[in-house]
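>
Residue numbers (this note's numbering): 57 to 513.
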């Protein structure tokens with residue numbers, strides 16, 4: 057038995073994606089109240105203050121909570137004792153696979169697990185008991201259970217992924233079955249439990265994962281096919297969804313949605329641009345006439361994007377002031393691949409971390425050779441991201457200097473005159489002010505087809 061202190065020893069077409077017939081397919085998606093909208097990864101000062109108040113009680117006593125928490129793999133369900141409470145989530149949180157994939161469990165399941173565990177740890181009746189999360193010997197369920205409890209340790213006990221994973225491997229414990237993609241046939245890329253923990257830690261650092269503001273009802277509502285099949289990968293910036301169709305209807309029991317069905321939700325969540333990666337199933341002017349930018353970046357299902365398509369996608373995300381909604385046919389393979397490129401360039405995710413985080417948000421994403429493609433592009437995207445951030449920093453520095461000089465120009469400078477006693481006002485003149493200029497090339501929006509020096513940043 058492992059103690060998670062930590063000091064000793066998880067699309068598939070996940071349940072929200074079940075096909076439930078629309079009562080009236082001609083109507084728009086059922087939009088949840090504004091209070092349930094996705095939160096921005098950059099909360100306001102007021103939101104942060106509220107969050108701090110809510111966090112204070114739950115963040116106290118981390119060591120005490122950790123000393124009571126254990127993880128074990130057991131063949132037989134044990135009975136609770138006066139000193140120990142046993143619980144399992146193997147039959148509660150179940151991954152619904154596409155093919156041979158079996159995890160990790162989605163964001164809603166991770167959230168519900170953390171809530172459940174927090175409740176147990178704070179329970180007065182269990183305050184003196186050890187809590188043992190046990191799992192069975194089924195390697196797939198065991199891997200998902202391991203992600204749940206170690207993710208809790210990373211999020212709430214502030215353990216590093218290395219510390220949490222080391223605990224899972226302590227004692228006589230064996231390793232964990234790696235996760236695989238939602239494809240048919242042999243797996244070409246293994247995603248480990250540790251990769252998932254790294255992704256969760258990095259998502260927390262950048263504000264993508266914040267269970268204090270996360271709305272599980274919203275996640276589960278919009279993930280369902282009949283409600284749009286949508287998931288935020290980067291809250292407030294990048295949303296993945298399946299392709300709209302010419303009109304809303306139910307086809308062979310499967311709900312399809314016209315572009316108009318998405319307008320209300322997109323407007324509420326500041327989505328300004330739509331990127332289509334699959335063949336044209338609807339007229340893009342329907343989005344454009346409603347005020348959205350629309351971009352076509354087609355490449356075949358299951359294949360890899362060209363460098364030109366990747367650059368164009370990154371340019372769209374970078375130049376759009378607001379959020380971008382991305383779709384291919386199912387919103388999984390091609391969609392996840394390009395979003396993964398954005399995560400690697402702008403947040404320095406590794407390929408494995410990007411794949412793990414996207415699958416936790418939207419199970420079944422990134423398939424087959426697309427996984428290896430992200431590995432191959434990781435280094436070059438990191439370099440491009442470093443260059444991009446350096447340019448942004450330089451622009452900000454020059455803008456700041458320009459503002460300071462402008463303020464100085466309009467501020468009067470006082471000095472005593474030769475007579476003494478009286479003062480005369482003199483203008484603060486900067487001799488080089490007339491010649492002051494900023495390198496305008498930094499502001500030019502270069503053609504996305506233009507390649508300078510073999511690299512587009």
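The beta carbon of each residue, even a glycine, is placed where N, CA and C say it ideally should be. As the structure is a prediction and not an experimental result, all values here were calculated from the model.
Do the segment 153 to 164 and the segment 393 to 410 make contact, defined as three or more Cβ pairs closer than 8 Å?
Judged by Cβ distances under 8 Å, the segment 153 to 164 makes no contact with the segment 393 to 410, as fewer than three pairs qualify.
> Excluding five sequence neighbours on each side, which residues of the same chain lie with their C-beta closer than 7 Å to the C-beta of residue 431?
For residue 431, where only same-chain residues beyond five positions count, the Cβ hits under 7 Å are 407.
> Can you name, in chain order, every residue of its own chain whose Cβ lies under 8 Å from the Cβ of residue 198, other than the five neighbours on each side?
Hits under 8 Å: 129, 191, 192, 232 and 233.
> With contact counted as at least three CB pairs below 8 Å, one residue from each stretch, are the segment 346 to 359 and the segment 380 to 397 in contact?
Counting Cβ pairs under 8 Å, three or more are found: they touch.
> Anyone know if the C-beta pair for residue 393 and residue 419 falls short of 8 Å?
It is not a contact, given that the beta carbons lie outside the stated cut-off.
> Tell me the rounded alpha-carbon separation between residue 162 and residue 261.
Looking at the two C-alpha atoms, the distance is approximately 19 Å.
> If I measure Cβ to Cβ from residue 141 and keep anything under 8 Å in the same chain, skipping five residues before and after, which residues do I get?
Around residue 141: 176, 182, 185, 186, 187 and 188.
> Run through DSSP, which three-state label would residue 320 get?
It is helical.
> Tell me whether residue 257 sits in a helix, a strand or coil according to DSSP, three-state version.
In this structure, residue 257 counts as helix in the three-state DSSP scheme.
> Just how far apart, CA to CA, sit residue 337 and residue 450?
The alpha-carbon atoms of residue 337 and residue 450 are separated by roughly 43 Å.
> From 242, 263, 465 and 373, pick the residue whose C-alpha is nearest to that of residue 424; which is it?
The shortest C-alpha separation from residue 424 is found at 242.
> Tell me the DSSP bridge mates of residue 288?
Residue 288 is bridged to 295.
> Can you check whether the CB of residue 370 is closer than 8 Å to the CB of residue 327?
Taking 8 Å as the Cβ cut-off, residue 327 and residue 370 do not qualify as a contacting pair.
> By the 10 Å Cβ neighbour count, where 16 or more other Cβ atoms means buried, how is residue 396 classified, buried or exposed?
Counting Cβ neighbours within 10 Å, residue 396 comes out buried, since at least 16 surround it.
> Are the CB atoms of residue 334 and residue 299 nearer to each other than 8 Å?
In this structure, residue 299 lies closer than 8 Å to residue 334 by Cβ.
> Pull up the distance between the alpha-carbon of residue 256 and that of residue 463, whole angstroms please.
Each residue's Cα considered, the two are about 44 Å apart.
> Pop quiz: residue 210 and residue 173 are said to be a contact at Cβ under 8 Å. What is the actual Cβ separation, rounded to whole angstroms?
Contact doesn't hold; Cβ gap of about 13 Å is too wide.
> Take the Cβ of residue 91 as the centre, count every other Cβ of all protein chains shown within 10 Å, and call the residue buried at 16 or more, exposed below.
Only weak support exists for where residue 91 lies, its pLDDT of 40 falling under 50; the coordinates are left without a value.
> Taking 8 Å as the threshold (C-beta atoms), are residue 170 and residue 527 in contact?
The shown model of the chain, from 57 to 513, leaves out residue 527, and the question about it has no answer.
> Which runs of the alpha helix (DSSP H) spanning at least 4 residues fall entirely within the segment 216 to 244, listed in chain order?
You should have 217 to 224.
> Per DSSP, residue 306 forms a beta bridge with which residues?
Looking at the DSSP assignment, residue 306 forms a beta bridge with 311.
> I need the boundaries of the beta strand (DSSP E) containing residue 376, first residue and last residue.
Run containing residue 376: none; DSSP gives neither H nor E here.
> Taking Cβ positions, are residue 276 and residue 164 nearer each other than 8 Å?
Yes.
> Is residue 158 buried or exposed, if buried means 16 or more other CB atoms sit within 10 Å of its CB?
Under this definition residue 158 is a buried residue.
> Determine the contact status of residue 283 and residue 461, defining contact as a CB-CB distance below 8 Å.
Cβ atoms of residue 283 and residue 461: not closer than 8 Å.
> Would you grab the beta carbon distance between residue 379 and residue 292 for me? Rounded to a whole angstrom, and I think it's under 8 Å.
So it is a contact: roughly 6 Å between Cβ atoms.
> Have a look at residue 287 and residue 366 and give me their C-alpha separation to the nearest angstrom.
Rounded to the nearest angstrom, the two C-alpha atoms are 21 Å apart.
> Let me make sure I understand the geometry here. Which of 312, 350 and 436 has the alpha-carbon closest to that of residue 280?
It is 312 whose Cα lies nearest to the Cα of residue 280.
> Closest to residue 139 by C-alpha separation, out of 341, 124, 272 and 342, would be which residue?
When only C-alpha atoms are compared, the closest one is 124.
> How many Å lie between residue 349 and residue 329 at the Cα?
If I take the Cα positions, the gap works out to 4 Å.
> Quick check: the Cα distance between residue 230 and residue 221, rounded to an integer number of angstroms?
Residue 230 and residue 221: Cα-Cα distance of roughly 12 Å.
> CA-CA distance, residue 428 and residue 411?
Rounded to whole angstroms, residue 428 to residue 411 spans 11 Å at the Cα level.
> Are the CB atoms of residue 372 and residue 331 within a distance shorter than 8 Å?
Yes, Cβ-Cβ distance for residue 331 and residue 372 is below 8 Å.
> Taking all protein chains shown into account, do 16 or more other C-beta atoms lie within 10 angstroms of the C-beta of residue 202, making it buried, or fewer, making it exposed?
That one is buried.
> Could you compute how far the alpha carbon of residue 400 sits from the alpha carbon of residue 439?
So the alpha carbons of these two residues sit roughly 10 Å apart.
> Which residues bound the beta strand (DSSP E) around residue 87?
Note, residue 87: premise wrong, no beta strand (DSSP E); not H, not E.
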